[in-house]
Amino acid sequence: MRGNGRSKKFRLLELAPLLSINTSTFSNPVHGTRISSKGSKSTLVLLTGGFHSSPYIITSLINLYSKCRSPFTALSVFRGAQYPNLVTWNSIIAGTVSNGLALEAFHLYSEMRSEGGLVPDEFTLPCAINACGDLKVTDEIDKIHGLAFKVGISGDVFVSSAMVNFYVKFGSVKVAEKLFDEMPERDVVLWNSMANGFAQVGKFEDSLRFYNRMESEGILPDSYTVTGIISVSTATGDMVTGRRIHELVKKFGYDSDVSVCNSLIDMYGKFGEVEEAVAIFETMPKKDLYSWNSTISMYQREGDHDRTMKLFDEMQKTNCPPDIVTICTILPVCTQLSALMRGRELHGYIIRRELNNEPYPFVENVLMDMYAKSGSLHNARSVFDTMQTQDTASWNILIGGYSCHGKVTEALEIFSTMCSMGIHPNDVTFVAVLSACSHTGLVDRGRRILDHMETDYNVTPTLEHYSCVVDMLGRAGRLSEAHSLLTNMPVESNPVVWRSYIAACQVHGDTHLAVEAANRLLEIEPEYGGSYVMLSNLYGSAGRYQNVSEIRLCMKIQNVRKIPGCSWMELKTGMHTFISRDISHPESDQIYSMLEVLIGRLRELGYVPDPNQKE
1 MRGNGRSKKF RLLELAPLLS INTSTFSNPV HGTRISSKGS KSTLVLLTGG FHSSPYIITS
61 LINLYSKCRS PFTALSVFRG AQYPNLVTWN SIIAGTVSNG LALEAFHLYS EMRSEGGLVP
121 DEFTLPCAIN ACGDLKVTDE IDKIHGLAFK VGISGDVFVS SAMVNFYVKF GSVKVAEKLF
181 DEMPERDVVL WNSMANGFAQ VGKFEDSLRF YNRMESEGIL PDSYTVTGII SVSTATGDMV
241 TGRRIHELVK KFGYDSDVSV CNSLIDMYGK FGEVEEAVAI FETMPKKDLY SWNSTISMYQ
301 REGDHDRTMK LFDEMQKTNC PPDIVTICTI LPVCTQLSAL MRGRELHGYI IRRELNNEPY
361 PFVENVLMDM YAKSGSLHNA RSVFDTMQTQ DTASWNILIG GYSCHGKVTE ALEIFSTMCS
421 MGIHPNDVTF VAVLSACSHT GLVDRGRRIL DHMETDYNVT PTLEHYSCVV DMLGRAGRLS
481 EAHSLLTNMP VESNPVVWRS YIAACQVHGD THLAVEAANR LLEIEPEYGG SYVMLSNLYG
541 SAGRYQNVSE IRLCMKIQNV RKIPGCSWME LKTGMHTFIS RDISHPESDQ IYSMLEVLIG
601 RLRELGYVPD PNQKE
């Protein structure tokens with residue numbers, strides 16, 4: 001019987017090709033990785049063929065299943081081993097850690113120590129340390145550290161690196177630095193860990209100190225090094241270091257690395273160096289989602305709505321579809337532009353792509369804000385009513401939306417409902433409520449709310465709240481009360497509240513008070529052209545043309561210019577931008593002709609322009 005006489009060694013050699021199966025043998029569907037039938041049959045043959053007593057076979061299978069994200073199958077194989085050795089234990093502990101089963105890994109480590117009677121080596125302890133890190137088990141780390149000293153592997157680079165990373169992760173950077181300095185060998189990864197660890201706990205100077213140490217000791221930086229330094233430079237506002245690192249990026253050829261370029265875009269964008277950020281973005285050989293989002297966010301922060309929307313449109317033509325971060329950046333721009341049609345398209349995109357899977361109502365709040373500020377209160381209310389969770393911001397947006405569009409009764413009813421449901425109002429809530437009172441002349445109620453904010457709701461009134469009440473009193477013609485509150489409130493006033501008061505004085509025909517307030521406004525913001533124009537108009541209304549000439553001369557001497565007005569209009573063909581007196585639009589002749597027609601219609605309807613009102 002020829003076959004029965006084959007030795008176990010011969011059968012092992014015969015089955016060796018089965019152990020060379022790599023990840024191409026396995027399929028990887030969306031919800032996990034699955035071992036192919038060939039791999040499963042190989043395991044069955046090996047285990048039923050008597051090879052469960054071979055540590056080599058068992059270890060190979062554990063490694064195979066662990067790398068293919070089948071840790072529970074690897075555990076089953078391990079439990080079938082008769083005599084697992086240290087290498088086998090290391091394989092299963094490492095496999096469970098790498099697959100996110102930190103608790104199982106720690107239990108295996110404890111089992112190996114208590115039941116296996118094996119002494120851990122320089123491969124075991126790093127895995128155990130990583131498991132402790134994932135589990136946030138800080139009290140076990142001292143025991144492991146002591147064991148490393150006991151078995152003589154505390155100076156091993158793998159063990160020391162794992163210890164350093166653990167202490168960095170939990171903010172014990174000084175302990176980590178002590179271990180780091182005692183290490184005989186330190187690679188660039190460990191240097192990066194230390195520098196980034198200091199940055200994570202806000203010790204940016206120490207982080208830069210490590211980068212400088214690294215440079216002085218001749219350690220060549222990698223892409224992670226430079227992204228770390230760039231992030232620190234951004235956080236500290238250190239443009240000089242940031243530019244120096246940019247030159248280093250060019251020197252070492254990292255300017256084609258996507259992560260490095262993204263960090264540079266973020267840095268220059270936050271420093272307000274828009275064109276430098278754009279130059280990096282446009283020359284990137286490959287852009288990822290973060291590249292697009294960073295550049296779009298930069299334009300949005302700078303208030304450049306036109307370029308924000310254009311870049312967003314360009315992004316949609318690429319193979320990098322927008323994510324929820326992109327959408328939440330664009331929606332406020334739609335709000336600013338009153339681009340309701342575009343906002344609705346984005347709402348549909350969120351629903352189709354099922355992007356709103358967060359447990360917090362941030363996305364719905366952004367949508368509500370867009371609808372409310374665009375005047376679509378029905379849609380705003382619809383989003384609010386279908387939300388799983390409504391936070392204080394959700395209520396604030398709804399109250400503010402109704403208040404802003406004259407639905408004051410509804411706004412105050414929503415506020416009452418909010419309080420009755422135990423939702424605690426904050427400072428933003430009271431801005432919306434006081435604005436609602438202001439727009440309906442509920443002066444006494446508004447004053448009572450201001451007086452009871454701190455005692456009843458533990459909310460200290462801020463400048464915004466006082467501004468609302470000044471506006472409220474001004475609208476009601478109670479100019480003396482408004483002036484008294486404006487000059488005696490416990491917070492410092494700003495130009496906005498003074499302009500509101502001046503407008504009220506104009507409406508109620510008190511030019512004397514208006515001029516007095518306008519002069520105060522010029523003291524606060526002498527560089528703002530709009531204040532000069534406002535005072536000039538006031539003098540013109542009072543027939544004080546000599547003063548008008550003086551104001552214009554003052555503007556000329558101080559080189560103060562009024563920023564021209566700007567507006568946007570959304571049509572089916574896209575967004576159109578209009579600037580006062582601008583003639584750059586290709587259809588400017590037709591636009592101004594239509595403007596003349598509209599002015600004529602206004603005059604027919606009885607509108608009489610004020611000749612003293614200038615731009």
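Per this note's numbering, the very first residue in the sequence shown carries number 1; after that it's consecutive.
Ideal Cβ placement from N, Cα and C applies to all residues, glycine included.
Are the beta-carbon atoms of residue i and residue j separated by less than 7 angstroms?
i, j, result
"Y65", "T73", "yes"
"S91", "T124", "no"
"E122", "I153", "yes"
"I397", "D369", "yes"
"I229", "Y211", "yes"
"P490", "I524", "no"
"V325", "N293", "yes"
"I129", "G95", "no"
"A162", "P126", "yes"
"A277", "I265", "yes"
"C328", "V366", "yes"
"G477", "H508", "yes"
"Q506", "A518", "no"
"E481", "V431", "no"
"D222", "V188", "yes"
"D385", "P361", "no"
"M315", "G269", "no"
"T318", "M267", "no"
"L631", "V469", "No statement about residue 631 is possible, as the shown extent of the chain runs from 1 to 615 and does not include it."
"L355", "C320", "no"
Compare the Cα-Cα distances from residue i to each of the options and report the closest residue.
i, options, result
"S376", "T225, G146, R342", "R342"
"L220", "W191, A517, V232, T236", "W191"
"W498", "V507, Q506, V491, L486", "L486"
"G446", "Y56, E273, G242, G474", "G474"
"D181", "H439, E492, S160, G171", "S160"
"A81", "V507, P55, D313, V274", "P55"
"G100", "A131, R79, H107", "A131"
"K136", "F281, V157, P285, L103", "L103"
"T308", "L434, Q336, Y592, S493", "Q336"
"Y371", "L346, D391, D456", "L346"
"T462", "T429, V443, C437", "T429"
"N85", "C68, R113, R69, D589", "R113"
"V408", "L434, H246, A393", "L434"
"V77", "K67, T236, I57, L355", "I57"
"M284", "N262, G272, S110, I591", "N262"
"H405", "K373, V97, S394, A503", "K373"
Please report the residue range of the alpha helix (DSSP H) in which residue i lies.
i, result
"E345", "340–353"
"R186", "Element bounds for R186: n/a, residue is neither H nor E."
"M387", "From DSSP, M387 is part of no alpha helix (DSSP H); its letter is neither H nor E."
"M298", "289–301"
"S493", "Looking at the DSSP string, S493 is not in any alpha helix (DSSP H), and its letter there is neither H nor E."
"E205", "204–216"
"D313", "305–316"
"P221", "Taken as a continuous stretch (DSSP letters only), P221 belongs to no alpha helix (DSSP H), as it is neither H nor E."
"G133", "124–135"
"G80", "Premise fails: G80 is in no alpha helix (DSSP H) and is neither H nor E."
"S656", "Coverage of the chain is limited to positions 1 through 615, which leaves residue 656 absent and any answer about it impossible."
"A476", "From DSSP, A476 is part of no alpha helix (DSSP H); its letter is neither H nor E."
"L331", "324–337"
"F362", "362–373"
"T138", "Counting along the chain, T138 falls outside any alpha helix (DSSP H), and DSSP gives it neither H nor E."
"M489", "Where M489 is concerned, there is no enclosing alpha helix (DSSP H), given that its DSSP letter is neither H nor E."
"L86", "86–98"
"T672", "Past the boundaries of the shown model lies residue 672; the chain is included only from 1 to 615, so the question cannot be answered."
So, under 8 angstroms CB-CB, residue i and residue j are touching, yes? Tell me the CB distance rounded to an integer number of Å.
i, j, result
"M194", "V226", "About 16 angstroms; that fails the 8 angstroms criterion."
"V249", "V240", "Going by Cβ atoms, the distance from V249 to V240 rounds to 15 angstroms, so no, they are not a contact pair."
"I423", "I399", "That pair is no contact at about 11 angstroms."
"V333", "H378", "22 angstroms between Cβ atoms; not a contact."
"V173", "F198", "5 angstroms"
"V164", "L179", "5 angstroms"
"S207", "V232", "5 angstroms"
"F106", "I141", "Not a contact, Cβ separation roughly 12 angstroms."
Counting only C-beta atoms, is residue i closer than 7 angstroms to chain D at any point?
i, result
"V232", "Among the chains of the structure shown, chain D does not appear; only one protein chain is present."
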